[in-house]
Amino acid sequence: MKNVLITGASSGIGKELARLYAEAGANVALTARRKDSLKKIADELKSSGAKGKILFASLDVSDTDQNFKVIPKLAKELGGLDLIVLNAGISTTASFGGRSFEADRAVIETNLIGAMAGVEAALPIFQKQKSGQIAAISSVASFRGLPGSASYSSSKAGLSTYMEALRGEVRRYGVSVTVIHPGFIDTPINNQMKSRPFVVPVEKGARKIYKRIENKVLSATVPWFPWVFLGYFMKRIPEFLWSKIGLK
Numbered sequence: 334m335k336n337v338l339i340t341g342a343s344s345g346i347g348k349e350l351a352r353l354y355a356e357a358g359a360n361v362a363l364t365a366r367r368k369d370s371l372k373k374i375a376d377e378l379k380s381s382g383a384k385g386k387i388l389f390a391s392l393d394v395s396d397t398d399q400n401f402k403v404i405p406k407l408a409k410e411l412g413g414l415d416l417i418v419l420n421a422g423i424s425t426t427a428s429f430g431g432r433s434f435e436a437d438r439a440v441i442e443t444n445l446i447g448a449m450a451g452v453e454a455a456l457p458i459f460q461k462q463k464s465g466q467i468a469a470i471s472s473v474a475s476f477r478g479l480p481g482s483a484s485y486s487s488s489k490a491g492l493s494t495y496m497e498a499l500r501g502e503v504r505r506y507g508v509s510v511t512v513i514h515p516g517f518i519d520t521p522i523n524n525q526m527k528s529r530p531f532v533v534p535v536e537k538g539a540r541k542i543y544k545r546i547e548n549k550v551l552s553a554t555v556p557w558f559p560w561v562f563l564g565y566f567m568k569r570i571p572e573f574l575w576s577k578i579g580l581k
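Note that my numbering gives residue 372 to position 39 of the sequence shown, counting from 1, and the numbers run on in steps of one.
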C-alpha cells in the first residue's frame, strides 16, 4: 500500500490529490496550516470508504523547523513514505510600490524555502529506503517574470530550477523527481484574479496531475493544451516585447 504525504492539502489541488490517493487505497497524510479544515477533509475521506490510513497534522511550511518535526513523524505513523507532494503555496498580486515587502517575503518563504525544507525533511527517509518520489507543484508562471506577480513567478521559477538540480543528485538513491506546471486551475490561490484564461475545474486539473505523478514523468504542463504551446511562446518572446506587457 502506497504511503503519500501532501502539503497544502486543505484546499484546491492538494485536497483533490488527497481524495484521489485515498480512493486508490493509499495511506495518506494531509498537512496544511488549517488543522480544522484538515480534520474535516480527513473525516470526509474516511466516511467515503478510504481503505488506507488517513492522517493529518498542522504544518506551516514557511516555518522550516516544523517541516523537520512534522514530516518524519507522519512518515513513521504511515509506516514509511513513498511520495511527498510539495503543493503548499500562496500568492500575491500587486504592482511594485503598491504592495507589502512582507507579503512578497511570505510568498518566497512558503513556495520556495518551504518546499526546500520539505525535501530536506523527506530525503533521509528516501535515502534509507533507497526509493521514493518527490513531486513539486510549480506553475506556468515560472516560465517568465509576470508583471504584477513578481514574487510568485520568481518563487515558482526558483522551485522548478531547484527540483531540476535535485533530480540529478538524488537519482543515485533511487529517488525520482516530478515537477508539475499547472496553468489556470480553479483554486483559491487564483479565484480572485480578474482574468483566468483557459481555466479548468480543480477536479479535472488534479486528476491530470495525479496521472502525471503516478507515471513519474520528469516534468509536465497541465493541462497540456493550450499551455504547452503558450509556454513555448512565453519562453521565446524577446525581452523588449515581454517588457511591454506590464506597460499601461
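Note that the Cβ used here is the ideal one computed from N, Cα and C, for glycine as well.
Beta-ladder partner(s) of residue i, from DSSP
i, result
"Phe389", "Leu363"
"Ala469", "Leu419, Val512"
"Ala553", "Ile513"
Best match in the options for proximity to residue i [C-alpha to C-alpha]
i, options, result
"Tyr506", "Phe476, Ala490, Ile458", "Ile458"
"Ala553", "Ala365, Met567, Gly516, Val533", "Gly516"
"Ile441", "Ser395, Ile387, Ser475", "Ser395"
"Lys384", "Gly422, Arg352, Ser487, Gly447", "Arg352"
"Glu502", "Ala357, Ser471, Val452, Val535", "Val452"
"Pro556", "Met567, Lys544, Ala498", "Lys544"
"Ala455", "Pro405, Ser471, Ser493, Ala539", "Pro405"
"Ile446", "Ser433, Gly478, Ser482, Thr494", "Thr494"
"Asp398", "Ile542, Glu435, Ala450", "Ala450"
"Lys335", "Ser475, Gly478, Gln466, Leu499", "Gln466"
"Ser381", "Lys372, Val403, Ala355, Leu392", "Ala355"
"Gly345", "Val473, Arg540, Arg504", "Arg540"
Contacts around residue i, its chain only, beta-carbon distance under 6 Å, and the 5 residues preceding and following it disregarded
i, result
"Ala468", "Val418, Thr511, Ile546"
"Gly347", "Ile339, Gly341, Asn420"
"Gly358", "Lys384, Gly385"
"Phe401", "Ala454"
"Met567", "Phe476, Arg477"
Distance between residue j and residue i (C-alpha atoms, nearest Å)
i, j, result
"Ile570", "Pro480", "15 Å"
"Met496", "Ala483", "20 Å"
"Val535", "Ser343", "13 Å"
"Ile518", "Ser471", "12 Å"
"Leu492", "Leu499", "10 Å"
"Leu574", "Phe476", "15 Å"
"Ser464", "Ile513", "20 Å"
Same chain only: Cβ atoms within 7 Å of residue i, ignoring 5 sequence neighbours per side
i, result
"Thr443", "Val394, Ser395, Ala421, Gly422, Ile423"
"Asp437", "Thr425, Ser484"
"Val550", "Thr511"
CB contact check: residue i to chain C, cutoff 8 Å
i, result
"Asp376", "Note that chain C does not occur in the displayed structure, where there is just one protein chain."
_So, does the segment 403-411 touch the segment 368-380, judging by three or more C-beta pairs under 8 Å?_
no
Do the segment 381-394 and the segment 350-363 make contact, defined as three or more Cβ pairs closer than 8 Å? yes
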